[in-house]
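*Asks:*
Chains as they are written, first to last, in this note's numbering: chain A, 56 to 423; chain B, 56 to 423.
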């Protein structure tokens, strides 16, 4: 079938197969006589959906047994408060500022604890990443926060820091909203990872939290019960009514991910190979062009979010209008950065990036 | 089409028309080339969906202009913390205890402010409602909390109290999760109303808050930004990424509600007429039977949730198995109450209640 290619930064394109499955069983899930939306979350049908989603995600991301998988609500912005409410104990925490999202997280955390900047790339306009060896870590910090992919700035951490090797015993908290499931995670370096689903996992409205068990049970008194990780974990993500349909859609996406193969690779490893190829194609074209540019340092360019600029910004509107006519949607850059942004998450096939590059080449020619 | 009748207390049955519409436009919303799940929440397409949903709901519930309509996340259980975080200022608040949900709300509020019980029906096992004239209201309370329909206990407030007439200037906060849109709301008596969508409005994962404007802007310091009503209102429910698909489904449900007519009545008034008829049929049958019983006082029986008991409880499993075979789903009572519960929300047609009564009659006969 011929659908446009959708480069939205999130909520973002989903696999067509997943949307078709959801449409087909909308009125009757597996002979139950109910839509997934109509099921009691306490019934055996939804119980099976939730259990499968958790199991598949654990397998896909190779989440060790001593981590709990939680499905929550509120997205990354709510987690900016929920993480310090659960982990900071009102004490000191360290932040690595690498772009817009980590700045927001830092600001919100400061309402609950003593949040410090351990490193920042603000001086270069969030286009680089400070070497972990240069981070000024507080030995007493309750955790170190890192946004491992900055959606707006297009800056990705390609190797998670080894805090122990840097002399810190603090757990690393990563906001992996916009690159979760696009590559493997080295859990030996992570204490907690959180992410809104709406980029790589499913629809907006469900938030994934993967947390090491020893970090549970230290919530501040002011933490709402529904957002206390221990309460959520003890109730298997059903303390409050979970966002059942969003979890179901994420579960279908996990099944889709498990079916993906690239040569001998499957699942997330297959996605990583594809994502490397997609990013190489797009950055490669931008870098050889005198018409477009990307300003992020090569070592930390995001495989997921590719901001780029036309050298002649007066052509922006024409570029976007032509793109839309060519079936290339939602390419406008974030208002804080300007220009364009192509988000090329798991659900974007290489054909979409090829079509984008072809359009960019054509547009460049017509402007010569 | 022949679907089973689904009596789930929530997530609950949805109108078949709404499910069919969602399935039909799952891959392409109105020629946009995108599923609603794939749209940027900042784009004009989703903007139109959100705006229509808000406008339709305002019309359906006749929400006055000086109230704001917010779409949030976390459900009623999260609101149990979010309401006191926004309204209590850490001071005194009054609670009317009428069943399981108000008890939970009371317990959670006590973590943020001085929560007092102004009235309670605990002594009669939550089967009655204390007359507002008997409530012991604190003149200094920041608000008075009332769960206007107790889903688990089947207790409904059929006339909202006039707090001013009772000598109180506190705003009334109602948890109307399980009867919103089943009847009109007298907004002159309400300061804030909240409800999870998963009973009468749409799928789980979106929470409706309707709040009088003068109550905004008093959040406690520890209130997460994503749950500060003023922040949410100022950002038109888009401070964090909203649960876009759940809002879209709620919007389709609002459109369905607007299309409903019963004689000269339309919308919520039409639903109320139907809900009165459905409840009368079911309670009428139960009351004339020596085999079944409902223990709630007549003046506060819920039109939405009808708990009932078989006098011989050893027949419960046989009753449920036979009901399922007859296409009558999810009738098991809440574990804290036992017995059966028929939730007959807006999406349940009178034919469903007729089928239930017919089955109950048949079951009674076979047991004679």
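Beta carbons are placed, not taken as given, at the ideal position from N, Cα and C, and that holds for glycine.
#1: Quick one, which residues of the segment 259-271 of chain B are near chain A if we go by CB-CB under 8 Å, in chain order?
#2: Can you tell me the Cα-Cα spacing of residue 193/B and residue 154/B, whole angstroms?
#3: Taking Cβ-Cβ distances shorter than 8 Å, what residues in chain A pair up with residue 276/B?
#4: Jot down the residue ranges of each uninterrupted beta strand (DSSP E) in the segment 83-154 of chain B, minimum 3 residues, whole runs only, in chain order.
#5: Among the candidates 391/B, 169/B, 367/B, whose CA atom is the shortest distance from the CA of residue 345/B?
#6: For residue 113/A, which of 234/A, 370/A, 77/A, 240/A has the nearest alpha-carbon?
#7: Mind checking which residues open and close the beta strand (DSSP E) that includes residue 230/B?
#8: Determine whether the Cβ of residue 58/A lies closer than 7 Å to any Cβ atom of chain B.
#9: Does the segment 320-336 of chain A touch the segment 228-239 of chain A, meaning 3 or more C-beta pairs lie closer than 8 Å?
#10: So, do the segment 117-136 of chain A and the segment 306-318 of chain A have three or more beta carbon pairs nearer to each other than 8 Å?
#11: Rounded to a whole number of angstroms, what is the C-alpha to C-alpha distance between residue 58/B and residue 389/B?
#12: Checking the sheet assignment: what are the DSSP bridge partners for residue 70/A?
#13: Quick one: which chain A residues come within Cβ less than 8 Å of residue 69/B?
#14: Consider the Cβ of residue 300/A: report whether some Cβ of chain B lies at a distance smaller than 7 Å.
#15: From the beta carbon of residue 383/A, is the nearest beta carbon of chain B less than 7 Å away?
#16: How is the alpha helix (DSSP H) around residue 415/B delimited, first residue to last?
#17: Following the continuous beta strand (DSSP E) through residue 363/A, name the residue where it begins and the one where it ends.
#18: Return the chain-ordered list of same chain residues with a C-beta closer than 8 Å to the C-beta of residue 161/A, the five sequence neighbours on each side being excluded.
#19: Name, please, each residue of chain B whose Cβ falls closer than 8 Å to the Cβ of residue 96/A.
#20: Between residue 408/B and residue 399/B, is the Cβ-Cβ spacing less than 7 Å?
#21: In chain B, which residues lie with their C-beta within 9 Å of the C-beta of residue 74/A?
#22: With three or more C-beta pairs closer than 8 Å as the rule, is the segment 60-74 of chain B touching the segment 265-278 of chain B?
#23: Check the Cβ of residue 130/A against every Cβ in chain B and list those closer than 8 Å, keeping chain order.
#24: Which value, in whole angstroms, describes the spacing of the CA atoms of residue 281/A and residue 132/B?
#25: Measuring straight from C-alpha to C-alpha, what distance separates residue 283/A and residue 143/A?
#26: Under 7 Å Cβ-Cβ, which residues of chain B neighbour residue 253/A?
#27: Give the single residue among 416/A, 338/A, 224/A, 402/A whose Cα lies nearest to the Cα of residue 252/A.
#28: What does residue 183/A reach in chain B if we use C-beta pairs closer than 7 Å?
#29: Sort out for me which residues DSSP pairs residue 61/B with in a bridge.
#30: Under a Cβ-count criterion, where at least 16 other Cβ atoms within 10 Å of its own Cβ denotes burial, should residue 274/A be classed as buried or exposed?
*Replies:* So, to answer that:
#1: 259, 260, 261
#2: Taking the second chain and counting its residues from 1, one reaches residue 193/B at position 138. Taking the second chain and counting its residues from 1, one reaches residue 154/B at position 99. Distance between the alpha carbons of residue 193/B and residue 154/B: 21 Å.
#3: The residue you call residue 276/B lines up with position 221 of the second chain. The answer, in chain order, is 166.
#4: 122-127, 147-152
#5: Position 290 of the second chain, counted from the first residue, corresponds to residue 345/B. Minimum Cα distance to residue 345/B is reached at 367/B.
#6: In the first chain, counting from the first residue as 1, residue 113/A sits at position 58. Of the candidates 234/A, 370/A, 77/A, 240/A, the one whose C-alpha sits nearest the C-alpha of residue 113/A is 240/A.
#7: Here residue 230/B refers to the residue found at position 175 when the second chain is read from its first residue. Segment 227-230, the beta strand (DSSP E) holding residue 230/B.
#8: Within the first chain, residue 58/A is the residue found at index 3, counting from 1. Answer yes: the Cβ-Cβ gap between residue 58/A and chain B drops below 7 Å somewhere.
#9: yes
#10: no
#11: One-based indexing of the second chain puts residue 58/B at position 3. One-based indexing of the second chain puts residue 389/B at position 334. If I take the Cα positions, the gap works out to 24 Å.
#12: Taking the first residue of the first chain as position 1, residue 70/A is located at position 15. In the DSSP output, where bridge partners are listed per residue, residue 70/A has none listed.
#13: On the second chain, residue 69/B is found 14 positions in, with the first residue counted as 1. Ordered by position in chain A, the residues that pass the 8 Å Cβ test against residue 69/B are 90, 92, 93.
#14: Your numbering for residue 300/A matches position 245 in the first chain. Chain B, which has a Cβ nearer than 7 Å to the Cβ of residue 300/A, makes this yes.
#15: Reading the first chain from its first residue, position 328 is the one you call residue 383/A. So, not an interface residue.
#16: As a first step, residue 415/B must be located in the second chain, where it is residue number 360. Run containing residue 415/B: 405-421, per the alpha helix (DSSP H) assignment.
#17: Counting from one through the first chain, the residue named residue 363/A turns up at place 308. 360-365 is the span of the beta strand (DSSP E), which, as asked, contains residue 363/A.
#18: What you label residue 161/A is simply residue 106 of the first chain in a count that begins at 1. Cβ neighbours of residue 161/A beyond the five flanking positions: 150, 152, 170, 172, 200.
#19: Here the question's residue 96/A lines up with position 41 in the first chain. 66, 259, listed in chain order.
#20: Here residue 408/B corresponds to residue number 353 of the second chain, with the count starting at 1. Here residue 399/B corresponds to residue number 344 of the second chain, with the count starting at 1. Yes; because the gap between Cβ atoms is below 7 Å, this pair is in contact.
#21: For the purposes of this step, residue 74/A is taken as the residue at position 19 of the first chain. Ordered by position in chain B, the residues that pass the 9 Å Cβ test against residue 74/A are 81, 82, 90, 92, 93.
#22: no
#23: Indexing the first chain from 1 puts residue 130/A at position 75. Correct list: 128, 281, 295, 296.
#24: As a first step, residue 281/A is located in the first chain; it is residue number 226 there, counting from the start. As a first step, residue 132/B is located in the second chain; it is residue number 77 there, counting from the start. Whole-angstrom Cα-Cα distance: 6 Å.
#25: Residue 283/A sits at position 228 when you count from the first residue of the first chain. Residue 143/A sits at position 88 when you count from the first residue of the first chain. Answer to the nearest angstrom: the Cα atoms are 13 Å apart.
#26: Indexing the first chain from 1 puts residue 253/A at position 198. Those within 7 Å of residue 253/A in chain B are 296.
#27: For this step, residue 252/A is matched to residue 197 along the first chain. For the residues 416/A, 338/A, 224/A, 402/A, the minimum Cα distance to residue 252/A belongs to 402/A.
#28: Numbered from 1 along the first chain, position 128 holds the residue referred to as residue 183/A. Chain B residues near residue 183/A: none, gap ~27 Å exceeds 7 Å.
#29: Counting from one through the second chain, the residue named residue 61/B turns up at place 6. According to DSSP, residue 61/B bridges with 384/B.
#30: Taking the first residue of the first chain as 1, we reach residue 274/A at position 219. By the 10 Å Cβ count, residue 274/A comes out buried.
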